[in-house]
Structure formats: structure tokens, C-alpha cells
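In our numbering, the protein residues as written are 46 to 240.
Right, here's the structure in full:
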């Protein structure tokens, strides 16, 4: 086998392999997703109309701000629990829950140990019909420690993490084109080699 025949064989094998690989990638990426099985729909029971129309109560809301007593500033990203629903404070330290029925609610600030300690426990609030109840919450953050000065022998920063492969690839069309070029090149070399 001379060099021309070897190059022809390698080119045709590589081209065929790339074509098969790209077709497999396209087939895998084009598979339909499995449908999610949903629970059965609830059945509705008919409601008997009463003689007197019933008035729905006007809904209210509970709002407040979370303050760090160490700094005196409002704090973003703190968790406030109103009954069983947890809310995060916005960039200004505010929280709020809308469309609440009149009644008694328990408001509690959830403070992770690394962020400080709460100065209040759970606070019951009575929400009148159609009103806004305000309950500010407070905690005390740990005292700030001066950051150490960086030294010359600090550990290098690791490279950013890469996302896992999802099966979808945009390499398949390019591999198909490259495979066809290699396959065609091998055929052309083989034709020129034959007398």
C-alpha cells in the first residue's frame, strides 16, 4: 500500500466516521421529550345558591422592613415567614404579602447564624378586613472584623465551572460537513490514483 492509498483510506474512514457521528447527534437531539404525567383534575361540586348574596371580605396585606440594628440599615435577601409562606426582602429590605383574608397571622424573621441573631420572636398580627398591617422586623448582625491584607502567596482563583452536557450539540452540522469533505476528498484521490 503506497502513501496515496493510505491517505485515501484514512480520509474515507475519517469522513465516514464523522458523518455517522453527526447523524447520531442529530437523531439524539431531535428526539421528542417525554410528556409529564399530570395528576387527575379535581372534580367540582355544584354550589347551591343561597337566597341572600354573600359578600366576599375585602382582602388586606402585611408589609414591613427588615433592619440590621448593628448598622441601622435595611437588609436585602432576608427571609420573613408569614404563617407558612416564606418571603425574601427586596433590595430596600422591604417585604410584603398581598391578598390576605382578615384574621390573625404570625410574622417571623428567619436569621441564619452567619448573618446574626434575631432580636424578636414570632409576632402575631391581627389583620382587619381590607387593611394594611405593618410589622418591621429587626436583627443584630455580628460585629465586622477588618479584612486581612492580601499576601503575595494567595491561592490562585479556580477557573469558572462549566455546565454539564445536556445532549444538545451544535457540533453535529459542522462534523457532517467535515465528514463529507473528507469522504469526497478520499474518493477524488482514489479516482486519480486509478489509471
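Note that CB positions come from ideal geometry on N, CA and C, so glycine has one too. No experiment lies behind these values; they were computed from the predicted model shown.
Here residue 173 is actually not in contact with residue 205; their C-beta atoms are around 52 Å apart, not less than 8 Å. For residue 159, no beta strand (DSSP E) run applies, since DSSP gives it neither H nor E. Between residue 134 and residue 117, the CB-CB gap reaches or exceeds 8 Å. Excluding the 5 residues flanking it on each side, residue 57 has same chain C-beta neighbours closer than 8 Å at 227, 228, 231, 232, 235, in chain order. About 16 Å separates the CB atoms of residue 127 and residue 183; that is not less than 8 Å, and the two are not in contact.
Judged by DSSP secondary structure, residue 113 falls within the beta strand (DSSP E) whose first and last residues are 105–113. With distances taken between CA atoms, residue 223 lies nearest to 65 out of 65, 102, 141, 47. Runs of alpha helix (DSSP H) with 4 or more residues, each lying fully within the segment 114–154, are absent.
With respect to the 8 Å criterion, residue 163 and residue 115 are not classified as neighbours on the basis of their beta carbons.
A check of alpha carbon separations from residue 154 across 170, 85, 91, 166 identifies 166 as the nearest.
Here residue 156 is buried: its Cβ has 16 or more other Cβ atoms, across all protein chains shown, within 10 Å.
Comparing C-alpha distances from residue 181 to each of 129, 100, 144, 119 shows the shortest one belongs to 119. Here residue 236 carries a helix assignment [DSSP, helix/strand/coil].
By the Cβ neighbour-count rule, residue 152 is buried, with 16 or more other Cβ atoms within 10 Å of its own. Annotation for residue 172: the continuous beta strand (DSSP E) segment containing it runs 168–172. By the neighbour-count criterion, in which 16 or more other beta carbons inside 10 Å mark a residue as buried, residue 171 falls on the exposed side. Here DSSP, grouped into helix, strand and coil, assigns residue 183 to strand. DSSP places residue 178 in the strand class (E or B) of the three-state scheme.
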